[in-house]
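So the protein sequences, as listed, match chains A and B.
Each residue of the first sequence is one higher than the last, beginning at -7 in the working numbering.
Each residue of the second sequence is one higher than the last, beginning at -7 in the working numbering.
Accompanying notes for the structure given below.
Number of protein chains: 2
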Amino acid sequence: MHRVVIIGGGFGGLQAAKMLSRSAAQVVLIDRRNFHLFQPLLYQVATGGLSPGDIASPLRSILRKQKDAAVLMGTAVDIDVDNRKVILENGELEYDSLIVATGCTHSYFGHPEWELSAPGLKTIEDATGIRRKILFAFEAAEREANPERRRALLTFVVVGAGPTGVELAGSLGSIANDTLKDDFRSIRPQEARILLLDAAPRVLPTYPPELSARAEKSLIALGVRPILNCTVVGVDDEGLDIENGSGPGRIASHTVLWAAGVAASELGGVLSKRTGALLDKAGRVIVESDLTIPGWPEIFVIGDLAHFEQDGKPLPGVAPVAMQQGRYVGKLITARLKGTRVPSFRYLNKGNLATIGRASAVADFGFVRFGGHFAWITWLLVHLMYLVGFQNRLVVFLKWAYEYLTFNRGARLITGENPPLPRIVPPGPGSCEVAYISRRSPASGETGKPAAVS
Amino acid sequence: MHRVVIIGGGFGGLQAAKMLSRSAAQVVLIDRRNFHLFQPLLYQVATGGLSPGDIASPLRSILRKQKDAAVLMGTAVDIDVDNRKVILENGELEYDSLIVATGCTHSYFGHPEWELSAPGLKTIEDATGIRRKILFAFEAAEREANPERRRALLTFVVVGAGPTGVELAGSLGSIANDTLKDDFRSIRPQEARILLLDAAPRVLPTYPPELSARAEKSLIALGVRPILNCTVVGVDDEGLDIENGSGPGRIASHTVLWAAGVAASELGGVLSKRTGALLDKAGRVIVESDLTIPGWPEIFVIGDLAHFEQDGKPLPGVAPVAMQQGRYVGKLITARLKGTRVPSFRYLNKGNLATIGRASAVADFGFVRFGGHFAWITWLLVHLMYLVGFQNRLVVFLKWAYEYLTFNRGARLITGENPPLPRIVPPGPGSCEVAYISRRSPASGETGKPAAVS
């Protein structure tokens, strides 16, 4: 029996596995995790709107009815292309056809050490870690009497103004201005500074300029300050060093989030070494018109890990591209086993969407571009539609409706290990008001005085 | 302004804080976490039915409207009772009245090292850790070719047959027999052995014998094997050593869960040292008829940390006791500030409920005892009613309805760090079938053959 091994259960890998259900092939889907993650909504987990379980679906559940498909939890570390074997961290697995769909991660532009201070948003653990960081900063600020440190705790920086960065910054704006509005006694969350940095001259640089302008306006309305034409030259636990038109600068911040750059997953490099495939600058594998590696017709690379040129430009690393490529490869292998052929892959762009916090989004459908409420509703519907699992759709829909009506975000849990909290000290000259130090009622007097925070 | 400091935002502390909303006092609620946790449903997070966010509610949200109440995230490490100060891990806080409500944890009967191999279920992290352990055991078994190791991976032991142990074991039965039924290709989850151990001669030993018998029958129907009159004498990562009527024995298991014993939180010992208060054997503080410490009328101990005798018996460590005590202390302090008095605390027992997996429960309302479907519906309604937050109620209700109809559990995520997975080796003589080693179709032939697992 012809065996197709798929590495990676993201959008591309999963579509390929499903498409092979009516083929004569056996499918083994390998993933490090036991679930498919709906990454476009990961930022909502990071900002306390959704729970991890809401945007994840067990891979075994998805493929349970497909009896010729097995799911294998494990990590592929190498590929023996001559003997057609995937080398796992513990064992190996033969294949007849191989589909590599292990995606991308963020790039720290040659400074991997920045990741410790400025986490990116790729996994569930990243999301709950970022959620902890954001919420913990408000908790620490509430205890902090020193005005300078309080200001640094209430400064949130998002690096990278692509769709993820814009969505993260917009959500941070909603949290500070709406969700947490009445939650604290010593600080006013509305005084938080939310900065969105990018080296490009506009937000959403891959979108048409008119939509960038629209998004920027929405962001500013949410309390986000875009800082453009600005390069990050250093990141540490206390803030970041930047370089912009007016020279070098420093931003003191305890919460720097990274949403910039693209670096292909390591299997790209492995494939290149084993097959001689060429990589682009981000480490993505340059593939043929049928998504195979030149000279290796049984090895396919799809999704964010693939560099596929169409009309002279590489396709963007978005879910629809990965899904169409997954379905294409599934069809191609099915056809091969039947002895028929399929034409080259071609991506059909159905449009791009990015949301900017509450009730605002931008949509680019090529022939028509729009923003505002209608774009937001479109965004909601498209994302609900693609979310895997009926229960997830219903729960996410409910949580969105609830958040829209009440501004509340239910999943605001600080879990895991935290750094030490600021010392509680009696207020001295020039210090901030801390409600539980004073024996006055926290509702009266100077409580929440914004003096040193603005 | 009179300041009431409450340590612990569980059922007792939260009710006390709410009850003080109409008093002349200022309230500071201290908790290590930023959320109130609905602990009675924690086992459903551990078994993949609910997400952490579904059973947790941010403390600040709950008290946001109560302007004279502040929430402080922090850990109380000591109490300076003479100067009326709570000593935090970083700073200190004065009080006029103090309510200590820091609860209990499990007791490992003098063997704290067992906790590493047999985690208890008290925090969100415990729950996601146990969820990982359970699901990972099935994943590892699917890869394991050695029949003995596979059998140990598919053996789940719950120590302690009180309500938590019964609920955990019942859920494990549902997972193995229903939820995961079609999910694997090499193992049959139905072959999993689920053992429920207790030193007592019956399950739910604090319930009337007729309900214990009923619960035992339901458990057996779910595939759980109760092993009673059985003492645990050793626990390690490979299994546990037991002692029962027929002498010592050994159970090989990779998943031992602990739901036995009660140990008061450390603040009980601290209070005893500082005030001379007496502790019971579990370390709980023995309190007066008004829940104060003898000789310290401004210090209250409530909930699981308090040992309160009523009709010659200590009250059980359940949520309704803690809630009624919290409300009582809130009322008492309010009355004191007005110069009036309240009678001694008296617990009004509205009944006990325990659920045993799908559509089965036992209820003991004193005057009436029953089990089965009706007890289960009662259990559902009572738990939904006490769950904090409208959104949580709706989402939990929906997830329960969905699970009831489809047997599916949506939150089956393996997150965090895992131990190494078993090596994938070609099957030898006497080894188990592993679907992705064989090039046969996993749907055909010997796949899922239970031979070595039963």
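C-beta atoms are modelled at their ideal positions from N, C-alpha and C, and glycine is treated no differently.
- By the neighbour-count criterion, in which 16 or more other beta carbons inside 10 Å mark a residue as buried, residue 84/B falls on the buried side.
- Counting along the chain, the unbroken alpha helix (DSSP H) around residue 365/A starts and ends at 365 to 378.
- Residue environment for residue 425/A: buried (at least 16 other C-beta atoms within 10 angstroms of its C-beta).
- At a beta-carbon threshold of 8 Å, none of the residues of chain A lie near residue 224/B; the nearest stands roughly 29 Å away.
- Residue 315/B has no beta-bridge partner at all, per DSSP.
- Between residue 154/A and residue 95/A, the alpha-carbon positions lie close to 18 Å from each other.
- In this structure the region 170 to 183 of chain B touches the region 126 to 144 of chain B; the number of beta carbon pairs closer than 8 Å is three or more.
- At a cut-off of 8 Å between beta-carbon atoms, residue 407/A makes contact with chain B.
- Under the three-state reduction of DSSP, residue 114/B is assigned to coil, being neither helix nor strand.
- Taking residue 374/B as reference, the option from 362/B, 355/B, 244/B with the minimal CA-CA separation is 355/B.
- Between residue 68/A and residue 152/A, the C-beta gap is not smaller than 8 Å, which leaves the two residues out of contact.
- Secondary structure of residue 120/B (DSSP, three-state): helix.
- Counted as a single uninterrupted DSSP element, the stretch harbouring residue 7/B is not any beta strand (DSSP E) but the alpha helix (DSSP H) occupying residues 3 to 11.
- The continuous beta strand (DSSP E) containing residue 347/B extends over residues 344 to 347.
- When 7 Å is used as the limit between beta carbons, residue 65/A is near these residues of chain B: 131, 413, in chain order.
- In this structure, residue 5/B and residue 116/B do not form a Cβ contact; the two beta carbons are roughly 17 Å apart against a cut-off of 8 Å.
- Residue-level contact by beta carbon fails for residue 303/B and chain A, as no gap is shorter than 8 Å.
- Any Cβ of chain A closer than 8 Å to the Cβ of residue 62/B would place that residue at the interface, and such an atom is present.
- Within chain A, the C-beta atoms nearer than 7 Å to that of residue 50/B come from 404, in chain order.
- When Cβ pairs closer than 8 Å are counted between the two stretches, the region 342 to 353 of chain A is seen to touch the region 364 to 378 of chain A, the count reaching three or more.
- Nearest Cα to residue 12/B within the set 38/B, 60/B, 25/B, 219/B: 60/B.
- Chain B places no beta carbon closer than 8 Å to that of residue 295/A, leaving this residue out of the contacts.
- If you draw a straight line from the Cα of residue 325/A to the Cα of residue 26/A, it comes to about 25 Å.
- Using a 10 angstroms sphere on the CB of residue 54/A, the tally of other CB atoms reaches 16 or more, which defines it as buried.
- Taking 7 Å as the Cβ-Cβ cut-off, the region 364 to 386 of chain B approaches chain A at 381, 383, 384, 386, given in chain order.
- Straight through space, the alpha carbons of residue 74/A and residue 358/A are spaced by roughly 44 Å.
- Bounds of the alpha helix (DSSP H) holding residue 54/A are 51 to 54.
- If you look at residue 262/B, you'll find it in the alpha helix (DSSP H) that goes 259 to 267.
- Counting only residues of its own chain and dropping the five nearest sequence neighbours on each side, residue 144/B has a CB closer than 8 Å to the CB of 230, 231, 244, 245, 246.
- Taking 8 Å as the CB threshold, residue 427/B lines the interface with chain A.
- Cβ-Cβ distances below 7 Å link residue 257/A to 94, 95, 96, 97, 297 in the same chain, with the five nearest sequence neighbours on each side left out; the list follows chain order.
- The beta-carbon separation of residue 21/B and residue 33/B, rounded to 22 Å, does not stay under the 8 Å limit for a contact.
- The residue among 403/B, 81/B, 183/B with its C-alpha nearest the C-alpha of residue 71/B is 81/B.
- Annotation for residue 240/B: the continuous beta strand (DSSP E) segment containing it runs 239 to 244.
- A straight-line Cα-Cα distance of about 20 Å links residue 226/A and residue 122/A.
- Shown here, residue 107/A sits in a helix according to DSSP, grouped into three states.
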